[in-house]
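Residue numbers (our numbering): 696 to 774. All C-beta atoms, glycine included, are put in the ideal place defined by N, C-alpha and C. In this text, all values refer to a predicted model and were calculated from it rather than measured experimentally. Okay, structure first, notes after.
As structure tokens, then:
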């Protein structure tokens, strides 16, 4: 889902990129931790180990693309 960042004020844009960076980092850390903890469990098959991080990774990709779009808007405004 693409957002129109040109309609946001400078303060909103800077606040949103700060929050998005934090939450994306948190999600990436949680996915890595989930993958590591699942791989330690010997009773699970390889499919069960990678299923949850694989299903949640598109959210991470969307967040990163939104951050890139916000950075472009910030650069175009010379902030």
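Taking every protein chain shown into account, the CB of residue 765 has 16 or more other CB atoms within 10 angstroms, so this residue is buried. Taking residue 719 as the centre and dropping the five residues before and after it, the same chain places the C-beta of 755, 758, 759 and 762 closer than 8 angstroms to its C-beta, in chain order. As the crow flies, the alpha-carbon of residue 708 is around 12 angstroms from that of residue 773. No beta strand (DSSP E) of 3 residues or more sits fully in the stretch 715–760.
The three-state secondary structure of residue 713, taken from DSSP, is helix. When DSSP states are grouped into helix, strand and coil, residue 773 belongs to the coil group.
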